[in-house]
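For what it's worth, our numbering labels the leading residue of the sequence shown as 2, then goes sequentially. Ideal placement from N, C-alpha and C gives every residue a C-beta, glycine not left out.
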Amino acid sequence: MPTEENIDRMCQDLRNQLYESYYLNFISAISRSKLEDIANAALAASAVTQVAKVFDQYLNFITLEDDMFVLCNQNKELVSYRAINRPDITDTEVETVMDTIVDSLFCFFVTLGAVPIIRCSRGTAAEMVAVKLDKKLRENLRDARNSLFTGDTLGAGQFSFQRPLLVLVDRNIDLATPLHHTWTYQALVHDVLDFHLNRVNLEESSGVENSPAGARPKRKNKKSYDLTPVDKFWQKHKGSPFPEVAESVQQELESYRAQEDEVKRLKSIMGLEGEDEGAISMLSDNTAKLTSAVSSLPELLEKKRLIDLHTNVATAVLEHIKTRKLDVYFECEEKIMSKTTLDKSLLDIISDPDAGTPEDKMRLFLIYYISTQQAPSEADLEQYKKALTDAGCDLNPLQYIKQWKAFAKMASAPASYGNTTTKPMGLLSRVMNTGSQFVMEGVKNLVLKQQNLPVTRILDNLMEMKSNPETDDYRYFDPKMLRGSDSSVPRNKNPFQEAIVFVVGGGNYIEYQNLVDYIKGKQGKHILYGCSELFNATQFIKQLSQLGQK
């Protein structure tokens, strides 16, 4: 990254004549002034001939999935939701935040090799990003000799036939989803475990150790697992409801054991001694089978590794579900967000000492407060606040959400989350067996029903060119148009085949999965999801708490 610190270090290395030759690769474009600093240092150290190549790589983003990316920023706090929404933020700080986001998005589109059509909501941070990105793309296209979007690059992109749509949305359009208790595997892992850059870190205790001082719990071992694209189980089940995942792990385990038993059986037959005719005929029949079994051994060992990995990860997730009653929270929040009657009152859940952590209770109440059409009366609110305080909750996030709701005038038109609900489908069949690795007793087998979250709904309107009050006033930018001002939407425009959704202020795996599920039903269309930072509910509520203290 071409930061002051890194440039100073390079200049120092040149002065110290540390290397025989220098290949300088910057993940983001280096400015002319900083390039001149390096040139002056090379000149002063008589090392000009040793600087072999200087590259702008335009790689200032991190790809977490084939269809998901986040900003690559060493200082995450700089582009966080809190940083963008601080009441005391100065104009200079706003410019710095927006420039940082725009720089990463510009790198993304250079790598993609496509100039997007940009749509964004008015009067938000997303609009500031759109204006700056449009300007940056326009300036690059104007310089035909040095443009990064001409020649081979354009054909190399995934989107070579039609230009993609970039939908820039502000996190403030939907604050309920990042707080939501989820039910799909990947989103649950991110919510309840330590999951960062596709690596999950677990603490595993291994029973009791005996020592002269008597028996004591063993120290917890820290284990890390990488959940990668080559992990077939992860790729197949990361978007599945958790009970389905638990059942699939059990099936994989049984399948592996059957294969292992077959190898053992064949080995014992091959070890038969003597001239027994039956044994000899068995040997000849089974030689081919054993050869096949031995050749599939590496595959079998890899299968065992993945089963162990997902058994450990899923067990850790299940522990959280059971101790915190996350299935109850998920079902209750789904009903709140889809305006369905609750089986149990909110106060009862908040007051239940066995139902979740103080943070779980606060998340539930914030979702209710954000989603409800009619804000609770002062008397009711005081009652809720007392119950939350008694449960050990920090009320600062609520303080901020109250200010946010008043400012955004959301009371009369809260974000709509669809009208379908999730319903319990009774007990799991195989997973409920006592012989199973996963004892799911007491955990509801909730089946997910597809309902579009606000971000998905906005994308659907814009991608399909639908007329909808929610998106009709979204601004339209085409960096390839000669006019620099806000262009009007062409009337004869066809629906888009490819789109990128970018959330300014932070995203989450719940939204990502919702978009993945949405696009499954749209043949020939592709969506990429990006965000300025990827946070789970714990990290997000911490930012809300800091904002509430202001």
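Which residues DSSP lists as bridging residue i, in chain order
{"i": "Y530", "result": "M69 and V502"}
{"i": "Y59", "result": "According to DSSP, which records beta bridges pairwise, Y59 is partnered with nothing at all."}
{"i": "L203", "result": "K224"}
{"i": "D1", "result": "The question about residue 1 has no answer, for the chain in this structure spans 2 to 551."}
{"i": "R476", "result": "C121"}
{"i": "Y24", "result": "K54"}
{"i": "P242", "result": "T185"}
{"i": "L535", "result": "G508"}
Sequence-distant residues of the same chain with beta carbon closer than 7 Å to residue i, five excluded per side
{"i": "N462", "result": "N469, E471 and T472"}
{"i": "A317", "result": "L194 and L203"}
{"i": "V190", "result": "F196, V201, V314 and V318"}
{"i": "T390", "result": "L396"}
{"i": "D171", "result": "S122, T125, A126, A127, V505 and G506"}
{"i": "I8", "result": "K35, D38 and I39"}
For residue i, the nearest candidate out of the options (CA to CA)
{"i": "N495", "options": "F478, E465, Y475 and V502", "result": "E465"}
{"i": "E560", "options": "N313, N173 and K133", "result": "Since the first residue shown for the chain is 2 and the last is 551, residue 560 is missing from the structure and cannot be characterised."}
{"i": "S22", "options": "S32, L343, I28 and V55", "result": "V55"}
{"i": "L1", "options": "P480, G522 and N509", "result": "Outside the displayed range of the chain (2 to 551) lies residue 1, so it cannot be described from this structure."}
{"i": "L198", "options": "R258, A177, Y226 and R164", "result": "Y226"}
{"i": "E5", "options": "L19, D38, N147 and G124", "result": "D38"}
{"i": "Y385", "options": "S372, M363, T373 and I402", "result": "M363"}
{"i": "A30", "options": "S105, L176 and K323", "result": "S105"}
{"i": "F536", "options": "L548, H527, G506 and S269", "result": "G506"}
{"i": "V103", "options": "M129, E94 and S122", "result": "M129"}
{"i": "A356", "options": "V98, R146, F331 and K340", "result": "F331"}
{"i": "R258", "options": "H527, L298, L169 and A500", "result": "L298"}
{"i": "N222", "options": "T93, H238 and E205", "result": "E205"}
Whole-angstrom distance between residue j and residue i, CA atom to CA atom
{"i": "L429", "j": "A315", "result": "Its pLDDT being 33, under 50, L429 is placed unreliably in this model, and the coordinates cannot settle the point."}
{"i": "K304", "j": "E534", "result": "33 Å"}
{"i": "L347", "j": "P242", "result": "24 Å"}
{"i": "Y369", "j": "W405", "result": "15 Å"}
{"i": "K504", "j": "F541", "result": "According to the sequence provided, residue 504 is Val. The question's Lys does not apply to it. Each residue's Cα considered, the two are about 14 Å apart."}
{"i": "M11", "j": "H181", "result": "46 Å"}
{"i": "I520", "j": "L460", "result": "11 Å"}
{"i": "D14", "j": "N61", "result": "24 Å"}
{"i": "A409", "j": "L365", "result": "21 Å"}
{"i": "V329", "j": "K336", "result": "11 Å"}
{"i": "N26", "j": "G531", "result": "24 Å"}
{"i": "Q58", "j": "L65", "result": "18 Å"}
{"i": "Q251", "j": "T539", "result": "30 Å"}
{"i": "I322", "j": "G393", "result": "20 Å"}
{"i": "A131", "j": "K137", "result": "10 Å"}
{"i": "L343", "j": "T178", "result": "19 Å"}
{"i": "T373", "j": "K543", "result": "23 Å"}
{"i": "S148", "j": "I28", "result": "18 Å"}
{"i": "R120", "j": "L454", "result": "18 Å"}
{"i": "F70", "j": "I63", "result": "5 Å"}
{"i": "E300", "j": "D67", "result": "25 Å"}
{"i": "A380", "j": "P359", "result": "22 Å"}
{"i": "K224", "j": "L302", "result": "19 Å"}
{"i": "K523", "j": "A53", "result": "48 Å"}
{"i": "S34", "j": "Y20", "result": "23 Å"}
Reduced DSSP category for residue i - H, G, I as helix; E, B as strand; rest coil
{"i": "V168", "result": "strand"}
{"i": "K54", "result": "strand"}
{"i": "H311", "result": "helix"}
{"i": "E471", "result": "coil"}
{"i": "P179", "result": "helix"}
{"i": "A414", "result": "Per-residue confidence for A414 stands at a pLDDT of 46, beneath the threshold of 50, marking its modelled position as unreliable; the derived number appears in the next sentence. It is coil, neither helix nor strand."}
{"i": "C12", "result": "helix"}
{"i": "V209", "result": "Low confidence applies to V209: its pLDDT is 49, below 50, so where it sits in the model is not reliable enough to give any reading."}
{"i": "R87", "result": "coil"}
{"i": "F160", "result": "With a pLDDT of 45 at F160, under the threshold of 50, the modelled position of that residue is not reliable, and the figure given next carries that caveat. Coil."}
{"i": "T341", "result": "coil"}
{"i": "P455", "result": "helix"}
{"i": "P299", "result": "helix"}
{"i": "P3", "result": "coil"}
{"i": "T373", "result": "coil"}
{"i": "T64", "result": "strand"}
{"i": "S256", "result": "helix"}
{"i": "R146", "result": "coil"}
Sequence-distant residues of its chain with Cβ nearer than 8 Å to residue i (five each side left out)
{"i": "K233", "result": "L307"}
{"i": "Q236", "result": "P230"}
{"i": "T457", "result": "E512, N515, L516 and Y519"}
{"i": "L142", "result": "V116, S148, F150, P480 and K481"}
{"i": "T101", "result": "L72, N74, L79 and V80"}
Cutoff 6 Å; reference residue i; Cβ partners in own chain excluding five residues on either side
{"i": "Q163", "result": "Q498"}
{"i": "S352", "result": "A388"}
{"i": "V49", "result": "A43"}
{"i": "I174", "result": "P455"}
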